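Numbering (UniProt numbering), first residue to last: 1 to 675.
Let me begin by presenting the structure, written as structure tokens, before commenting on it.
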């Protein structure tokens with residue numbers, strides 16, 4: 001049978017052949033890829049020559065490349081444009097791929113070759129990048145069971161197979177619960193407070209579903225405006241409860257047992273490998289190094305932020321008291337935050353949306369990349385894509401091809417919630433080939449409707465810049481080995497490029513250059529820009545507490561604090577109690593839909609967002625000193641982006657900044673200390 005995944009992609013830039021493949025092509029292609037990769041591993045193991053860096057480490061780096069590309073493509077599509085068939089296939093293929101991974105890391109003969117190269121190769125005989133590859137390869141084996149006995153290895157295989165299945169199931173349950181709920185409103189009175197643009201989108205959604213009235217969903221662009229503007233408190237509560245009970249409804253899509261099993265299996269795996277907890281295992285390969293340092297970091301920020309956050313909530317309570325609300329609840333937060341924003345700064349995010357049409361914001365992000373790094377972005381209509389709404393850009397530097405960038409902006413039933421960056425092909429350059437990356441950004445912004453384009457809230461503007469920062473990390477990659485390229489860095493370093501980009505959204509001159517009304521082209525008045533900049537720290541302390549609560553919950557799960565008799569909701573409340581300024585709402589829990597740490601890659605790593613804020617605030621302060629588009633400083637930052645994981649991240653940062661990062665820039669930016 002002809003399978004376009006099983007031969008070189010005959011497409012421009014060897015891009016993924018989305019339009020040539022059927023979903024039935026994935027399984028045979030992945031099975032064939034596994035078989036081919038196993039043959040390549042066997043050739044390394046059976047090589048009669050003494051193990052060397054070339055015939056063992058480089059050979060292993062090259063092994064399984066077609067499988068990696070096909071599997072990456074499959075799981076990317078399963079996140080962005082899935083269906084029942086793909087979800088079932090993901091359940092079937094995930095344990096097979098986990099077993100394949102174990103076949104490599106638990107291969108005793110292969111490990112002995114790697115170990116010999118590691119022990120016998122003088123560091124001085126290798127380049128810095130070569131040594132990093134050798135060190136990473138050796139550690140990836142020792143950290144994944146190479147030193148275990150036969151019985152322990154079999155148990156590890158079982159654990160990894162179970163985890164791969166559970167993580168897919170977790171994601172699918174969250175997606176189902178997100179899609180299953182709608183808030184159907186039939187009374188005009190129940191729409192009180194909502195802007196006309198929000199009503200129009202909800203009306204269009206209802207028409208699509210063949211019902212009268214207005215439909216709101218749990219997709220962020222639908223839910224968030226309702227929580228901000230709807231005056232009917234009971235309806236805000238209903239929508240909040242639906243969101244806060246996703247995969248926690250005591251039905252077949254309930255993730256509570258999934259959470260328990262994932263946490264228990266991760267702990268058992270860590271102990272099997274000789275670590276105290278999963279967090280100890282994870283943090284060994286992070287800048288933070290060990291759980292105590294993460295805990296101290298989070299609590300240090302908590303002590304500084306909580307008094308400020310309490311004052312912020314007191315202001316909300318004061319405003320809510322005018323509506324005869326005696327006890328402010330979580331489902332009131334967004335509504336009264338918007339009222340407070342209007343009172344303090346005399347603007348609302350909804351009123352600013354006409355000045356942030358999606359196309360203008362995209363061009364603005366591209367403009368930053370051009371002014372900093374000399375990159376240009378040209379729309380390509382000859383590159384295949386997985387959905388008609390996806391756009392593809394060719395990225396060039398000095399007229400030379402640099403990367404492909406896929407962008408996918410709008411929510412669909414087959415797309416998981418949130419925003420993320422991923423890749424369909426990594427970057428590498430060895431053996432005379434310079435393989436450039438194919439990067440993807442996926443978001444869930446408000447759709448265009450009628451003659452109105454997609455209009456972003458300012459929060460969505462910063463989200464776009466954030467994901468574009470991740471994309472630039474991948475686009476700028478310039479390393480020899482793919483496994484050290486782009487975003488293949490320590491997890492608490494990976495958010496630096498993304499969070500750094502958000503800073504540009506608050507520069508007055510830059511905002512003036514692109515914030516223009518979609519109808520008239522009128523620039524956003526300077527007085528409004530001043531309000532945006534002045535409000536940069538608005539509710540920052542509360543948001544800090546919220547992020548800290550997620551980080552502390554993540555750390556608690558992965559330092560073995562969940563007891564067998566703990567109910568998940570009660571465990572959550574106990575762990576995050578010191579970060580909470582609102583009463584708990586019975587029947588809710590966020591862990592069953594906490595995709596970052598359970599199916600995602602942030603287990604024992606959610607603290608990374610705040611950790612990276614220290615880095616990005618300090619880095620942007622350097623640019624502000626020298627000029628935010630200073631090409632000399634940008635060239636130094638470009639080196640940081642291009643090096644991937646070939647250099648220790650702290651060394652990379654010191655090479656850029658001339659010193660270690662200081663927390664002071666973050667505290668000043670957040671308004672937690674005086675300037």
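Glycine residues also receive a C-beta, built at the ideal position from the N, C-alpha and C atoms.
Since the model is a prediction, treat every value here as computed from it, not as a measurement.
Are residue 416 and residue 171 touching if we call contact CB-CB under 9 Å? Yes. Within cutoff.
Residue 66 versus residue 33: straight-line alpha-carbon distance, rounded: Distance between the alpha carbons of residue 66 and residue 33 is about 6 Å.
Residues bridged to residue 214 by DSSP? Assignment of beta-bridge partners to residue 214 by DSSP yields 185.
Residue 346 - DSSP class collapsed to helix/strand/coil: When DSSP states are grouped into helix, strand and coil, residue 346 belongs to the coil group.
Residue interval of the alpha helix (DSSP H) (run including residue 625): 608–626 is the extent of the alpha helix (DSSP H) around residue 625.
Enclosing beta strand (DSSP E) for residue 315 [first to last residue]: Residue 315 -> not in any beta strand (DSSP E); alpha helix (DSSP H) instead, spanning 291–321.
Helix, strand or coil for residue 421? Go by DSSP, reduced to three states. Here residue 421 carries a strand assignment [DSSP, helix/strand/coil].
Please list the terminal residues of the continuous alpha helix (DSSP H) segment that includes residue 647. According to the DSSP assignment, residue 647 belongs to no alpha helix (DSSP H), since it is labelled neither H nor E.
Those runs of the beta strand (DSSP E) which lie wholly inside the segment 198–280 and span at least 3 residues: Runs of the beta strand (DSSP E) spanning 3 or more residues and lying entirely within the segment 198–280 occur at 214–216, in chain order.
Please classify residue 299: is it buried, with 16 or more other beta-carbons within 10 angstroms of its beta-carbon, or exposed? By the neighbour-count definition (other C-beta atoms within 10 Å, threshold 16), residue 299 is an exposed residue.
Sequence-distant residues of its chain with Cβ nearer than 8 Å to residue 633 (five each side left out): Same-chain partners within the cutoff: 622, 623, 626 and 627.
Please tell me whether residue 60 and residue 74 are closer than 9 Å, where the distance is taken between their beta carbons. No; because the gap between Cβ atoms is not below 9 Å, this pair is not in contact.
Might you give, ordered along the chain, the residues of its own chain that have their beta carbon closer than 7 Å to the beta carbon of residue 190, omitting 5 neighbours on each side? Answer for residue 190: 232 and 235, listed in chain order.
Option nearest residue 517 by Cα separation, candidates 668, 402 and 361: When only C-alpha atoms are compared, the closest one is 361.
Can you give me the start and stop residues for the alpha helix (DSSP H) that residue 395 sits inside? Counting along the chain, no alpha helix (DSSP H) covers residue 395; the unbroken beta strand (DSSP E) around it starts and ends at 391–397.
Beta-carbon within less than 7 Å of residue 325's beta-carbon, same chain only, minus the 5 sequence neighbours each way: which residues are those? Beyond the five residues adjoining it in sequence on each side, residue 325 comes within less than 7 Å, by CB distance, of 332 in the same chain, given in chain order.
Same chain, Cβ closer than 6 Å to residue 602, neighbours up to 5 away in sequence not counted: If we look at residue 602 and ignore the five residues flanking it on each side, its Cβ neighbours are 596.
Determine, using beta carbons only, whether residue 338 and residue 229 come nearer to each other than 9 Å. Yes, Cβ-Cβ distance for residue 338 and residue 229 is below 9 Å.
Rounded Cβ spacing between residue 37 and residue 100 (contact assumed at less than 8 Å): Confirmed, about 7 Å.
Are the CB atoms of residue 410 and residue 443 nearer to each other than 9 Å? A Cβ-Cβ contact shorter than 9 Å links residue 410 with residue 443.
Return the bridge partner residues of residue 438 from the DSSP annotation. Beta-bridge pairing links residue 438 to 404 and 425.
Could you tell me how far apart the beta carbons of residue 479 and residue 72 are, in whole angstroms, since I believe they sit closer than 8 Å? Contact doesn't hold; Cβ gap of about 18 Å is too wide.
Option in 549, 552, 505 and 545 with minimal Cα separation from residue 529: The residue among 549, 552, 505 and 545 with its C-alpha nearest the C-alpha of residue 529 is 505.
Same chain, Cβ closer than 7 Å to residue 117, five either side skipped, listed in chain order: So the list reads 51, 52, 53, 56, 57 and 134, once near-sequence residues are dropped.
Does the distance from the C-beta atom of residue 96 to that of residue 159 stay below 9 Å? Residue 159 sits away from residue 96, with the two beta carbons spaced by 9 Å or more.
Is the separation between the beta-carbon of residue 217 and that of residue 186 shorter than 9 Å? No.
Does the segment 349–364 come close enough to the segment 450–457 to have 3 or more Cβ pairs within less than 8 Å? Cβ pair count under 8 Å is three or more, so yes.
Using the C-alpha atoms, what's the distance from residue 666 back to residue 154? When rounded, the distance between both Cα atoms is 46 Å.
For residue 28, which three-state DSSP category applies? Helix at residue 28.
Going by DSSP in three states, residue 50 sits in which element: helix, strand or coil? Coil at residue 50, not helix or strand.
How is residue 580 classed by DSSP in three states: helix, strand or coil? Correct three-state label for residue 580: coil.
With respect to the beta strand (DSSP E) encompassing residue 379, which residues constitute its N-terminal and C-terminal limits? Its beta strand (DSSP E) spans residues 375–380.
Option nearest residue 499 by Cα separation, candidates 520, 470 and 447: It is 470.
Quick one: residues in its chain with C-beta nearer than 7 Å to the C-beta of residue 209, no 5 flanking neighbours on either side, listed in chain order? These residues qualify, in order along the chain: 215.
For residue 260 and residue 195, I'd like the C-alpha separation in whole angstroms. So the two alpha carbons sit approximately 42 Å from each other.
Within 10 angstroms of its Cβ, does residue 144 collect 16 or more other Cβ (buried), or is it exposed? The residue is buried, with at least 16 neighbouring Cβ atoms inside 10 Å.
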